[in-house]
Each structure stands twice: as C-alpha cells, then as structure tokens.
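In the working numbering, the protein residues as written are 4 to 147.
Note that the Cβ used here is the ideal one computed from N, Cα and C, for glycine as well.
Nothing here was measured: the structure is a model prediction, and the numbers come from that model.
In what follows, a structure is listed as structure tokens, so that the remarks can point back to it.
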C-alpha cells in the first residue's frame, strides 16, 4: 500500500491523501504469460481547517478594503471634471450604497453606544435588520 499526500494548501497543510493498493487477484489480466498489476486508488479528504478558512476570509476582506479605497480615489479624481452624466450614473446606480450604510451604522453604534435598535431583528423593519447585520460581531473599541 502506497500513500501520497496531495499538494499542500497555502498554509502548508495537506487536504487529502491518495492511498493506492495493489490487487491480489489470482487471475492474470494481460497477454499470455504477462501479468498486469491491478491497482486501486482511494482518495481520503480531510475536513477543511477553520483557521485556513479564516486566513482566506481575512485576505478576501483585505482585497475588498483595497478595492473600496481605490474606488473612492477614482470617484474623487473624477469630481474635478464635473461630468454630469458620469456623476448621475454613479448616484442613480447607488454605487457603494451598501458601503455607505455600513459606515453609517458602525459610526452610529460607536458614537451613541447603541448596538441594536429596540426593534432589533423585528421582521419587516429593514433598517433595524440592516443595522443588526452591519454591527453583529463588530469589535468596538474600549468604552469609558
């Protein structure tokens, strides 16, 4: 029985191992006088490592933060041209609207100390539900 690890993931961990076994059949499978070896390969996959998944999530959010900064720079660079068609298109498509809500909700929670509304999670209250999603799990700084 041979075993080979799969190629390591970015964190250096192996996510699967291929185990190959040789057949022990008394029959020959080949031309007369020639035996063909029968091999079976079983791939054993390990459950995903949550720490590696978290590292991937951190990298993804860092990429998003960089994209948001670049988008802000691009928008600010275009403002001096006062191109009404372009500016109206950006506004009408609500480009970055969810980011604006995210920033507003986090700032509101930090400044007022209100982490949730009185109607927290109430079905149908879209604003309260959005605020809940934007602030859930967010780590606030030291409060004095």
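A distance below 9 Å separates the beta carbons of residue 99 and residue 74. Assignment of residue 129 by DSSP, reduced to helix, strand and coil, places it in the helix class. Annotation: residue 58 to residue 80 spans about 33 Å, alpha carbon to alpha carbon. In the three-state scheme derived from DSSP, where H, G and I count as helix and E and B as strand, residue 48 is classed as strand. A straight line joining the alpha-carbon of residue 68 with that of residue 126 spans about 31 Å. Separation of residue 72 and residue 94 (C-alpha to C-alpha, rounded to the nearest whole angstrom) is 18 Å.
Between residue 113 and residue 144, the gap from beta carbon to beta carbon is short of 9 Å. Shown here, residue 42 sits in a strand according to DSSP, grouped into three states.
The C-alpha of residue 129 is placed about 56 Å away from the C-alpha of residue 43. By the criterion of a C-beta distance shorter than 7 Å, residue 101 is surrounded by no residue of its chain, once the five residues flanking it on both sides are discounted.
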